[in-house]
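A.B. asks: Chains A, B, C and D, in that order, give the protein sequences. Each residue of the first sequence is one higher than the one before, starting from 1 at the first, in this note's numbering. Each residue of the second sequence is one higher than the one before, starting from 1001 at the first, in this note's numbering. Each residue of the third sequence is one higher than the one before, starting from 2001 at the first, in this note's numbering. Each residue of the fourth sequence is one higher than the one before, starting from 3001 at the first, in this note's numbering. We put the CB at the ideal spot given by N, CA and C, even for glycine.
There are 4 protein chains.
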Amino acid sequence: MEFKESFRLKDIELHEKRVIRDAIHDYIHIHHTLIWKLVNSKEMQRLRRIKQLGGTYQVFHSAEHSRFVHSLGVYQVVLRMLETECLQEALSDYDQICVMCAALLHDIGHGPFSHSFEGVFHESHEDMSVKMILQESEVHDILASFYYKMPNDVAMIIQHTHPHQVLIQMVSSQLDADRMDYLLRDSYMSGTTYGHFDMSRILRTMRICDGKIVYKESGVQAIENYILARYHMYWQVYYHPTTRSYEHLLQSIFKRLKDLYNDAYVFQTDLHYLLPFLENHITNESFNELDESIVFYYFREFTKEKDFILKDLSSRFLNRRLFKYKQLESEEELQHIKEVAHHLGYDERYYIITDSQQQVPYLHYGQSGELNEIEILDNQGQLSPLPQKSEIVSAILNSKQFKSDQKIFYPKEIKDAL
Amino acid sequence: MEFKESFRLKDIELHEKRVIRDAIHDYIHIHHTLIWKLVNSKEMQRLRRIKQLGGTYQVFHSAEHSRFVHSLGVYQVVLRMLETECLQEALSDYDQICVMCAALLHDIGHGPFSHSFEGVFHESHEDMSVKMILQESEVHDILASFYYKMPNDVAMIIQHTHPHQVLIQMVSSQLDADRMDYLLRDSYMSGTTYGHFDMSRILRTMRICDGKIVYKESGVQAIENYILARYHMYWQVYYHPTTRSYEHLLQSIFKRLKDLYNDAYVFQTDLHYLLPFLENHITNESFNELDESIVFYYFREFTKEKDFILKDLSSRFLNRRLFKYKQLESEEELQHIKEVAHHLGYDERYYIITDSQQQVPYLHYGQSGELNEIEILDNQGQLSPLPQKSEIVSAILNSKQFKSDQKIFYPKEIKDAL
Amino acid sequence: MEFKESFRLKDIELHEKRVIRDAIHDYIHIHHTLIWKLVNSKEMQRLRRIKQLGGTYQVFHSAEHSRFVHSLGVYQVVLRMLETECLQEALSDYDQICVMCAALLHDIGHGPFSHSFEGVFHESHEDMSVKMILQESEVHDILASFYYKMPNDVAMIIQHTHPHQVLIQMVSSQLDADRMDYLLRDSYMSGTTYGHFDMSRILRTMRICDGKIVYKESGVQAIENYILARYHMYWQVYYHPTTRSYEHLLQSIFKRLKDLYNDAYVFQTDLHYLLPFLENHITNESFNELDESIVFYYFREFTKEKDFILKDLSSRFLNRRLFKYKQLESEEELQHIKEVAHHLGYDERYYIITDSQQQVPYLHYGQSGELNEIEILDNQGQLSPLPQKSEIVSAILNSKQFKSDQKIFYPKEIKDAL
Amino acid sequence: MEFKESFRLKDIELHEKRVIRDAIHDYIHIHHTLIWKLVNSKEMQRLRRIKQLGGTYQVFHSAEHSRFVHSLGVYQVVLRMLETECLQEALSDYDQICVMCAALLHDIGHGPFSHSFEGVFHESHEDMSVKMILQESEVHDILASFYYKMPNDVAMIIQHTHPHQVLIQMVSSQLDADRMDYLLRDSYMSGTTYGHFDMSRILRTMRICDGKIVYKESGVQAIENYILARYHMYWQVYYHPTTRSYEHLLQSIFKRLKDLYNDAYVFQTDLHYLLPFLENHITNESFNELDESIVFYYFREFTKEKDFILKDLSSRFLNRRLFKYKQLESEEELQHIKEVAHHLGYDERYYIITDSQQQVPYLHYGQSGELNEIEILDNQGQLSPLPQKSEIVSAILNSKQFKSDQKIFYPKEIKDAL
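#1: Just how far apart, CA to CA, sit residue 361 of chain A and residue 243 of chain A?
#2: Using only CA atoms, which one of D:3279, D:3188, D:3338, D:3357 lies nearest to residue 3417 of chain D?
#3: Taking only the alpha-carbon atoms, compute the straight-line gap between residue 3279 of chain D and residue 3246 of chain D and give it to the nearest angstrom.
#4: For residue 3343 of chain D, is the classification buried or exposed, using 16 other Cβ atoms within 10 angstroms of its Cβ as the cut-off for buried?
#5: For residue 1407 of chain B, write down the residues that DSSP places opposite it in a beta bridge.
#6: Please state if the CB of residue 3047 of chain D and the CB of residue 3108 of chain D are separated by a distance shorter than 8 Å.
#7: Could you say which of B:1290, B:1101, B:1379 lies nearest to residue 2299 of chain C if we only look at CA atoms?
#8: Use the C-beta contact count for residue 163 of chain A: other C-beta atoms within 10 angstroms, 16 or more gives buried, fewer gives exposed.
#9: Buried or exposed, going by whether 16 or more other CB atoms sit within 10 Å of the CB of residue 8 of chain A?
#10: Taking the alpha carbon of residue 2410 of chain C as the point to measure from, which residue in C:2352, C:2051, C:2062 has its own alpha carbon closest?
#11: Can you check the stretch 3083–3133 of chain D for any alpha helix (DSSP H) of at least 4 residues that lies completely inside it and give the ranges in chain order?
#12: Run the CB neighbour count on residue 1329 of chain B, radius 10 Å, all protein chains shown included, and call it buried at 16 or more, exposed below.
#13: Determine which residues share a DSSP beta bridge with residue 1214 of chain B and list them.
#14: Please state whether the Cβ-Cβ distance between residue 236 of chain A and residue 192 of chain A is less than 8 Å.
#15: May I ask you to list, following chain order, the residues of the stretch 2018–2040 of chain C that have a beta carbon less than 8 Å from some beta carbon of chain A?
#16: According to the Cβ coordinates, are residue 105 of chain A and residue 137 of chain A closer than 8 Å?
#17: Which complete alpha helix (DSSP H) runs does the stretch 3150–3194 of chain D hold, if anything under 4 residues is left out?
#18: Counting contacts by CB-CB distance shorter than 8 Å, is residue 240 of chain A in contact with chain B?
#19: Name the residue from D:3197, D:3174, D:3414 whose alpha carbon lies nearest to the alpha carbon of residue 3225 of chain D.
#20: Going by DSSP in three states, residue 3271 of chain D sits in which element: helix, strand or coil?
#21: Measuring only the C-alpha atoms, how far is residue 67 of chain A from residue 178 of chain A?
#22: Under three-state DSSP, which class holds residue 3322 of chain D?
#23: Kindly give me the distance between the Cβ atoms of residue 64 of chain A and residue 3064 of chain D, rounded to whole angstroms, as I take these residues to be in contact under 8 Å.
#24: Which word fits residue 161 of chain A, buried or exposed, when buried means at least 16 other C-beta atoms lie within 10 angstroms of its C-beta?
#25: Within a Cβ cutoff of 8 Å, which residues of the same chain sit near residue 3208 of chain D, ignoring the five residues on either side of it in sequence?
#26: For residue 2019 of chain C, list the residues DSSP reports as bridge partners.
#27: Hey, is residue 3086 of chain D close to the ligand GTP, as in C-beta under 7 Å from one of its heavy atoms?
#28: Output yes if chain D places a C-beta closer than 8 Å to the C-beta of residue 1185 of chain B; else output no.
#29: Residues of chain B with CB closer than 9 Å to the CB of residue 3218 of chain D, please, in chain order.
#30: Pop quiz: residue 296 of chain A and residue 3293 of chain D are said to be a contact at Cβ under 8 Å. What is the actual Cβ separation, rounded to whole angstroms?
#31: Of all the residues that make up the stretch 191–220 of chain A, which are near chain B by a beta-carbon distance shorter than 8 Å?
#32: To the nearest whole angstrom, what separates the beta carbons of residue 1180 of chain B and residue 1199 of chain B, a pair I think is in contact under 8 Å?
#33: If you measure between the beta carbons of residue 3174 of chain D and residue 3392 of chain D, is that distance less than 8 Å?
#34: Using a Cβ-Cβ distance cut-off of 8 Å, determine whether residue 3233 of chain D contacts chain A.
#35: In terms of residues, what are the limits of the beta strand (DSSP E) holding residue 142 of chain A?
#36: Kindly indicate which residue of C:2249, C:2069, C:2034, C:2415 has the alpha-carbon position closest to the one of residue 1990 of chain C.
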């Protein structure tokens, strides 16, 4: 009999189960040695030095939590899912431990300031997480020494290539442990009321049908609540213009850094932790050394560089002199602002940024595709997509008339001169 | 100078301000002697014996709170509104004390089990509240002895006939103190997560414009949140089929009682507290004696009457043998159930009830009309109705495809026989 | 093999498990047919018409919850205890179902306004609960038809005579499901912060040792927190002088009623629901008909009696004209007040009440005796009583200097005349 | 007329008042330009990179908040105090703005990892805060350009030398805005229940008497609750052995660093940000550049140094290989462990740490002294120290029998070898 079949979770139970106090789930329960080892790996501990919300804490000041606690939270939600009767029946012990690992590790590929960093350095965090799991790293070693096929089985869940779709859905789908934890956690930490929803009820209505996770009709309103919590958190918190302003500033710094490097500018600062990124040969080792502390250190150093732009942007970042923003009314307005910027000596490549967020809530609900559909199981055993069972989700999906939110971001000095 | 103009709130300040602990607002603050007297009037104290949610506590068992605490809560929300700069400027001291009184007293006309009772006895609770304020009662005396025109001024706020529209809006409109308190309170007491919204933010964006209350654009998402909280509370809590089942049972009892009375049935029970209602000459005095305790007493007595139907229904009510329910599929089905009922000896007038709740969230948002529109003030000083500023509210309003929820309610004995 | 040994919980599992929303425990889980039947018995449903906190809602106005929801809560805490490894091992399936029933039913013997009623009618609610379980009643029939010895086994838990001490401790001891639920619930409902403590942590440190429940040393601080929560709830909420005032008023009414009855006063009111109590032959049937609604009905009726005292006291009760109170300074003061009362025509037997609450927190911690000691298990496997492991509990126990809180309660009219 | 007397708060009101969402106080309100400028100073923004709880987030993982949000919170509590009638009367507008500034700035002298850092570098954070305010810095300039005496007036509040004692008490005393914010915040963020208390009630019972802040007797139980919250937070959270272990590790690194520097070890790493500290000539400028990011950078660098001890300790720190701990039983045990350490090649100066926390709750209540006494004002206008009015505080103070908690901290490798 193969290991996958003979493996029993109780064989790796900790002598004394661990519990970790958590503001969201009350306690995180750790029952198995493998999980405990992973929590203590250096890749996981590094996530303590990466904020969950990038620049959001510049506007929701108490939302300073890290990806580390979020990762523990996602693992805990998966654990609760695994306690339901339907998943107990559907999943082997080996599948269960694999999905716990995937939940815990799904974010280890996040760079500092997550999305801003990703935007400049062209490597998605999912790919990076997979690379960390499959190649040389502490977590790889822990998984591989447990069972040689395990790194691959865990990575397939994160990559959406695992044959058992239920495992993928648990970690990454329209209604997954990742989103459930972050909505609850980000809402609690930021002190907003928007992210509340009834997770217990959603989990109680979860069923397995045709080899995938579906939800009983009695759960529809709890799911609507979750969809709306998501919609509101996006607009109130994640897309807040001050957050965007902070992230644009970050990207301008990275862009200037890269441009200078490519132009053979001579840095006073020793860039060694950044070199792998500037030269595009990132190893797991070099990636693991890059956290927000290191980046803050460099920004501090950059305030002493001779290049005015790098120096100025870094100083703005450290001391929160964020760009101002306004609604962009027309192309002419943009041109006018650029002229003023030029006149004042600001390089528009780094100092004038526009972006556009379309108020399209269904985008948050997701593109079409099997995995992206929340399916509802009615009393007659029929499956239907959520919008057929929810007037409110359907109304949102069919709505056409969304205004776009186009904004321009620029230094206060330019604003004052206008 | 008329009293209304010369009156100053500080002249009626309590020597020592009262604070009342409250689970929702932390504290209810009572600053003025007039308010303290009203709180202690017998009409207000009677509301302690009327549940806020009628039959809802039969399904959300911890939602056992009374209209008394809700009334204190509405008053407290009005007090917070009055602390805002814009209302301080817009309202005279006399207007302020009037609207505080209206908030406190708006529900004194509620009969036992509120809506069920109203359905059978044809007097709206608003009309009854107005009657209690304008005619002989303790609250009338308290108001009139303060200032002879006051009963009328307070009643006009509740009746929507007051010349100062802001006062009406505060107590009764699409976004009023009444709804704000009950969504927060019913949600907290029932243990659901649906009713949360950010009241502080809504109050901070309140402005007066063209003589009415409007909201700054920066408050739109908090208002969306409130609209959706309302939508969910309606469907998850207020329209829960078990609640409806309980209320149908109540109405069947009242209906049977009335039919027997009109048919000159000889009651063993002395009906004196119910006579004014059975004979349609309700006085303030007789109304005030009718609370849920009295009704429970009568239902206990009815379990000893000879009439089988009254006896049986009352016993079901006291011991929570509620009617079962199912989705009604067709007219044929209804006929079939009625036949079975007849066969088993159940009188369909009292034992077979159908109702229909249309899933039309915009109805909760309200019919058109000036008062019923939430208006948004943009940065240019322009007013627009909420749906023009909110994609999600607009989507809901434009949606056409709502399924109706038609249900049939009947005794378990019939269900088992089908 | 005897039934007790062969019985398996899974044999009585509900086809579809029931969950009930609850503000304190999120959900109450009902897994077994027997429990569901008991919840729906008329004795349990009657508890919906008995308030958990007697007169406390006269001062903490939002604390209007019933003994019914509290009973569900105690059952739910027992259910959580039963999920711990140590109790799973220690208890047979039959013991488990018995203790669930005892938790649910422990309060069915409570009369209206609980303690005030008990004070006048000389039957403890525990004895009455036992009588309801052992003799003719719906709950008796449900238990007996499940297994003929069950009423007795459940009653023994409530009576503290069951041979298995663990079962008694779960329901009624220094640290039991009853107190855990009521501290959390009363605190939540009253909106105070005093009753919070970390139940999860306490349950996690629970162990069985020498046939009784003890707690690991790592739980000491959570238990200290619970002891202090208890201490504060007693002084802030349960012993609040306004609560005591309300209860004294109630007792005066009951006392006047009894005195009149014994003096052969001719009542206008038909007393039939009260007769069993006035004549001291209470049956289960008559007890079950007596709830707070009935008592409120009688108080309403009493406001129309000729006896001035009964009429006046009842009217004060319904309209919350509570007695005032002050610190009692001396015997002379008491005499003086009595003279004034006499002069004004108030009968001191009903209108002048004194009481004395000693500020002795250790009394709440309990008298000595095996069951009343919380025992702590240290890492070496030694047991010690809590005070040896907790400086703060020890300090409280050794403290001698407690002032007593002697108060006098009397009508406002007397106060004004002083 | 001097500036201090003529100054009016309304003269510096922001055109549009700022509100900042906060998880603890709902909103932080900023009404005045001066406060807004200070919030945006680089000294305040630096506090975003200093964790509030040092190493506590290694055991209460979700407690990752910074001194920045705590400082905003302390300011907000002071603002609420200033809204009370008694402080409005007692304080001039100038005093009010001074105490707001002091509340906001009281922590700007905190070094990275607060207490561990302080322990090694011998400068208290209060002294450093004062230095930042009095000498060259952005906050100094903002204050001085507002009014030349202001830096001194604000510093005197923090130094406890201000003539107006009420101002000192608000920011730093037994019952101050600092402790109120941190108990509530640390409790919320760590997910524990211990730190709750009723701040509203305490503030409502605050009075000024004899030129100092005292509390009405009706606030005693809320204050007891606060004292006990403090006691529990200390033992459950702040003195948790894992927190102490983390801090010992930090101190060992700093100690090794200093020893190497004094021994003229040649560092590979460029130490420039640390030099001012190693050479004891800290300027405001150099202090301001030192935050936790910089220290993390250095620890990362130290993992590449040749010195085994510095390298090893830094790696343990980054990857959370904390020292284990056990109760220290005897001097012999300590000697034995040191021998084993020596045998295994661990230098006991850095690898064997003992500490001792005495369980003396009254120490947390504070040493004697006028400022350190919470005084209670009774109905007769008499002042008494809290312990005379609180049995529980008195019991704690008179208790003699506290066990000490002496622990030894050492690497897992040594533990395994024992």
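C.D. replies: Reading off the structure:
#1: Working through the first sequence from its first residue, we reach residue 361 of chain A at position 361. Working through the first sequence from its first residue, we reach residue 243 of chain A at position 243. Reliability of the predicted coordinates at residue 361 of chain A is poor, the pLDDT of 47 falling under 50, and the value obtained from them is presented with this limitation in mind. Each residue's Cα considered, the two are about 19 Å apart.
#2: Indexing the fourth sequence from 1 puts residue 3417 of chain D at position 417. The shortest Cα separation from residue 3417 of chain D among D:3279, D:3188, D:3338, D:3357 belongs to D:3338.
#3: In the fourth sequence, the residue the question calls residue 3279 of chain D occupies position 279. In the fourth sequence, the residue the question calls residue 3246 of chain D occupies position 246. In a straight line, the C-alpha of residue 3279 of chain D is about 25 Å away from that of residue 3246 of chain D.
#4: Residue 3343 of chain D sits at position 343 when you count from the first residue of the fourth sequence. Looking at its Cβ environment, which holds fewer than 16 other Cβ atoms inside 10 Å, residue 3343 of chain D is exposed.
#5: Along the second sequence, one-based indexing puts residue 1407 of chain B at 407. Residue 1407 of chain B is bridged to B:1327, B:1355.
#6: What you label residue 3108 of chain D is simply residue 108 of the fourth sequence in a count that begins at 1. What you label residue 3047 of chain D is simply residue 47 of the fourth sequence in a count that begins at 1. Their beta carbons are under 8 Å apart, which means residue 3108 of chain D touches residue 3047 of chain D by this criterion.
#7: If you number the third sequence from 1, residue 2299 of chain C lands on position 299. With respect to the C-alpha of residue 2299 of chain C, the residue from B:1290, B:1101, B:1379 having the closest C-alpha is B:1290.
#8: Taking the first sequence and counting its residues from 1, one reaches residue 163 of chain A at position 163. Looking at its Cβ environment, which holds fewer than 16 other Cβ atoms inside 10 Å, residue 163 of chain A is exposed.
#9: Residue 8 of chain A sits at position 8 when you count from the first residue of the first sequence. By the neighbour-count rule (16 or more Cβ atoms within 10 Å), residue 8 of chain A is not buried but exposed.
#10: Position 410 of the third sequence, counted from the first residue, corresponds to residue 2410 of chain C. The shortest C-alpha to C-alpha distance from residue 2410 of chain C to any of C:2352, C:2051, C:2062 is the one to C:2352.
#11: 3085–3090, 3093–3105, 3114–3121
#12: Position 329 of the second sequence, counting from 1, holds the residue named residue 1329 of chain B. Classification for residue 1329 of chain B: exposed.
#13: Residue mapping note: residue 1214 of chain B aligns to position 214 of the second sequence, counting from 1. Partner(s): B:1207.
#14: As a first step, residue 236 of chain A is located in the first sequence; it is residue number 236 there, counting from the start. As a first step, residue 192 of chain A is located in the first sequence; it is residue number 192 there, counting from the start. Taking the C-beta atoms as reference points, residue 192 of chain A is found nearer than 8 Å to residue 236 of chain A.
#15: 2019, 2026, 2027
#16: The sequence position of residue 105 of chain A within the first sequence is 105, counting from 1. The sequence position of residue 137 of chain A within the first sequence is 137, counting from 1. In this structure, residue 137 of chain A does not lie closer than 8 Å to residue 105 of chain A by Cβ.
#17: 3150–3159, 3165–3171, 3177–3190
#18: As a first step, residue 240 of chain A must be located in the first sequence, where it is residue number 240. So no, residue 240 of chain A is outside the interface.
#19: Position 225 of the fourth sequence holds residue 3225 of chain D. Looking at the Cα atoms, D:3197 is the closest of the given residues.
#20: By one-based count along the fourth sequence, residue 3271 of chain D stands at place 271. Residue state, collapsed to three classes: coil.
#21: In the first sequence, the residue the question calls residue 67 of chain A occupies position 67. In the first sequence, the residue the question calls residue 178 of chain A occupies position 178. Rounded to whole angstroms, residue 67 of chain A to residue 178 of chain A spans 11 Å at the Cα level.
#22: In the fourth sequence, residue 3322 of chain D corresponds to position 322, counting from 1. Residue state, collapsed to three classes: coil.
#23: Looking up residue 64 of chain A in the first sequence gives position 64. Looking up residue 3064 of chain D in the fourth sequence gives position 64. Rounded, the Cβ-Cβ distance is 6 Å, consistent with contact.
#24: Numbered from 1 along the first sequence, position 161 holds the residue referred to as residue 161 of chain A. Residue 161 of chain A is exposed by the Cβ-count criterion.
#25: The sequence position of residue 3208 of chain D within the fourth sequence is 208, counting from 1. Closer than 8 Å at Cβ, skipping near neighbours: 3086, 3087, 3089, 3090, 3166, 3214.
#26: Residue 2019 of chain C sits at position 19 when you count from the first residue of the third sequence. Bridge partners of residue 2019 of chain C: C:2029.
#27: Annotation note on the ligand GTP: not contained in the displayed structure, which lists no ligands.
#28: Taking the first residue of the second sequence as position 1, residue 1185 of chain B is located at position 185. Answer no: the Cβ-Cβ gap between residue 1185 of chain B and chain D never drops below 8 Å.
#29: Along the fourth sequence, one-based indexing puts residue 3218 of chain D at 218. In chain order: nothing, as chain B lies at least about 11 Å away.
#30: Counting from one through the first sequence, the residue named residue 296 of chain A turns up at place 296. Counting from one through the fourth sequence, the residue named residue 3293 of chain D turns up at place 293. Yes, residue 296 of chain A and residue 3293 of chain D are in contact; Cβ-Cβ is about 3 Å, under 8 Å.
#31: Listed by position, the residues of the stretch 191–220 of chain A near chain B (Cβ gap below 8 Å) are 192, 193, 194, 196, 197, 198.
#32: One-based indexing of the second sequence puts residue 1180 of chain B at position 180. One-based indexing of the second sequence puts residue 1199 of chain B at position 199. With a beta-carbon spacing of about 6 Å, residue 1180 of chain B and residue 1199 of chain B fall inside the 8 Å limit used to define contacts.
#33: Translated into the one-based positions of the fourth sequence, residue 3174 of chain D becomes position 174. Translated into the one-based positions of the fourth sequence, residue 3392 of chain D becomes position 392. Not a contact, by the Cβ cut-off of 8 Å.
#34: The count along the fourth sequence starts at 1 and reaches residue 3233 of chain D at position 233. No, no contact with chain A.
#35: Start at 1 with the first residue of the first sequence, and residue 142 of chain A comes out as number 142. Residue 142 of chain A -> not in any beta strand (DSSP E); alpha helix (DSSP H) instead, spanning 138–146.
#36: Outside the displayed span of chain C (2001 to 2418) sits residue 1990 of chain C, for which this structure offers no information.
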